[in-house]
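Encoded as structure tokens, the structure appears first; notes follow it.
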């Protein structure tokens, strides 16, 4: 069974769940200009490094460049990402993982927005801790520490 083009109706949810249960993985598309594609490829490489690449390809079909607010597009299984977020490899990677986790919750029928975002934020911070262990670049490790601190400083997580 193929993954549906959109995930909006009950039948489409069921098709998506069945496809995932049977092991469906998306061939991740990156849509945007060449510099943006390079930034996102770096983000995807970091996601792979931390062992989350399969999760990304299970739930996200496309990462698309936009000029507005970065967001998950649930019905499309896509992430709209602006250049500002993509330019920070650590925060960009954390954001993409948060949206992957929200997409997973959406497909599974759990809350994925408003209060449903909190588990995804917590999961993205846990991802950063795993990523930090794998990083060899001291600047990226330091940036990871800063982003972890920013997302755990207040009662966010």
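Numbering (our numbering), first residue to last: 121 to 277. We treat Cβ as the ideally placed atom computed from N, Cα and C, and that holds for glycine.
Could you tell me which of the options sits nearest to residue i, measuring between CA atoms?
i, options, result
"residue 245", "150, 170, 158 and 132", "170"
"residue 175", "189, 128, 132 and 146", "146"
"residue 239", "272, 189 and 140", "272"
"residue 251", "233, 134, 228 and 214", "214"
"residue 141", "123, 130 and 203", "123"
"residue 197", "253, 148 and 259", "148"
May I have the straight-line CA-CA distance separating residue i from residue j, to the nearest angstrom?
i, j, result
"residue 310", "residue 194", "Within the shown structure, residues of the chain are numbered from 121 to 277, placing residue 310 beyond reach of any answer."
"residue 241", "residue 125", "27 Å"
"residue 132", "residue 187", "29 Å"
"residue 167", "residue 155", "19 Å"
"residue 65", "residue 263", "Since the first residue of the chain shown is 121 and the last is 277, residue 65 is not available in this structure."
"residue 257", "residue 229", "38 Å"
"residue 286", "residue 204", "With the chain covering only 121 through 277, there is no way to say anything about residue 286."
"residue 233", "residue 189", "15 Å"
"residue 255", "residue 143", "29 Å"
"residue 259", "residue 138", "42 Å"
"residue 134", "residue 253", "37 Å"
Less than 7 Å between the C-beta atoms of residue i and residue j, yes or no?
i, j, result
"residue 159", "residue 183", "no"
"residue 221", "residue 236", "no"
"residue 211", "residue 267", "yes"
"residue 261", "residue 209", "no"
Skipping 5 residues on each side, what residues in its chain have a beta carbon closer than 6 Å to that of residue i?
i, result
"residue 219", "192 and 199"
"residue 150", "157, 160 and 183"
Given that a residue counts as buried once 16 or more other Cβ atoms are within 10 Å of its Cβ, and exposed if not, what is residue i?
i, result
"residue 207", "exposed"
"residue 269", "exposed"
"residue 180", "buried"
"residue 136", "buried"
"residue 223", "buried"
"residue 178", "buried"
Once the 5 residues before and after residue i are set aside, which same chain residues still bring their CB inside 8 Å of it?
i, result
"residue 231", "225"
Could you name the residues of the same chain whose beta carbon sits closer than 7 Å to that of residue i, not counting the 5 residues immediately before and after it, in chain order?
i, result
"residue 152", "184 and 185"
"residue 172", "217 and 247"
"residue 249", "268"
Consider the Cβ of residue i: report whether some Cβ of chain D lies at a distance smaller than 7 Å.
i, result
"residue 140", "Considering every chain present, this structure includes no chain D. It has just one protein chain."
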